[in-house]
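K.L.:
Below is the structure I would like to discuss, written out as structure tokens.
Residue numbers (this note's numbering): 20 to 226.
Right under this line is the structure:
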């Protein structure tokens, strides 16, 4: 069962299969918690392992990887030795600089896409720029989990969704609403608020 996905079991040394069956972790195995992507990749390619994930709402979170303790300890020692070299430090610095440059370019492109979506009348151009900056600063940070970070849809649609989401939280009472716990109700409320936001934006486009 190497490489299969499980959910956390009822006890610390157990996992649960998709059909609800509880399995005990093999003797000699230990859980490598999430957080070290490099070590996790090596453990997964080294051989037998169980991947543990937990779904909360629409999102799935990694809870770690079960694998032989001997394998994890050996790979951790090898990786720590590599990371102590000057070459690794230089590669890491270069990689960080590249990511920072890519992030800066994306922020600029995203802000431009937001401005294009807003398309305010010249009379409100300054307000449009301020709104675009506010939405961009909220939506683009790495790890923010906002729609702006997804690559599944074009940047133009990301910009539109980010504006509507920002307006929902900043210009409506959505965050304090008591919405009935009925399937589809929250989606309906968000759709209605989105329509109101679009109507408001249209006023600033007309001037």
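Glycine included, each C-beta is placed from N, C-alpha and C at the ideal position.
Does the distance from the CB of residue 181 to the CB of residue 199 come in under 8 Å?
P.N.:
Contact: no.
K.L.:
Residue 84 bridges to which residues according to DSSP?
P.N.:
51 and 70
K.L.:
With distance defined between alpha-carbon atoms, name the residue in 128, 33 and 140 nearest to residue 225.
P.N.:
140
K.L.:
Identify the continuous alpha helix (DSSP H) that holds residue 221 and give its terminal residues.
P.N.:
204 to 225
K.L.:
Would you check if the distance between the CB atom of residue 96 and the CB atom of residue 48 is smaller than 8 Å?
P.N.:
no
K.L.:
Run through the region 76 to 151 for me and flag every whole beta strand (DSSP E) of 3 or more residues, listed as ranges in chain order.
P.N.:
78 to 87
K.L.:
Would you mind stating whether residue 69 and residue 126 have Cβ atoms separated by less than 8 Å?
P.N.:
no
K.L.:
Please confirm whether residue 71 and residue 26 have their CB atoms less than 8 Å apart.
P.N.:
yes
K.L.:
Cβ atoms of residue 185 and residue 154: under 8 Å apart, would you say?
P.N.:
Yes, they are a contact pair.
K.L.:
Figure out for me which residue from 169, 147, 193 and 209 has the closest Cα to the Cα of residue 221.
P.N.:
147
K.L.:
With a threshold of 16 other CB atoms inside 10 Å of the CB of residue 172, please say whether the residue is buried or exposed.
P.N.:
Exposed, by the Cβ-count rule.
K.L.:
State buried or exposed for residue 44, treating a residue as buried only when at least 16 other CB atoms are found within 10 Å of its CB.
P.N.:
buried
K.L.:
Return the CA-CA distance between residue 123 and residue 159, expressed in angstroms with no decimal places.
P.N.:
10 Å
K.L.:
If you follow the beta strand (DSSP E) that residue 190 is in, where does it begin and where does it stop?
P.N.:
Note, residue 190: premise wrong, no beta strand (DSSP E); not H, not E.
K.L.:
Which residues in the same chain have their Cβ closer than 6 Å to the Cβ of residue 216, if we skip the five residues on either side of it in sequence?
P.N.:
For residue 216, where only same-chain residues beyond five positions count, the Cβ hits under 6 Å are 183 and 186.
K.L.:
Is the distance from the Cβ of residue 116 to the Cβ of residue 174 below 8 Å?
P.N.:
no
K.L.:
Is residue 36 helix, strand or coil when you go by DSSP?
P.N.:
coil
K.L.:
Mapping the DSSP letters down to three states, classify residue 26 as helix, strand or coil.
P.N.:
strand
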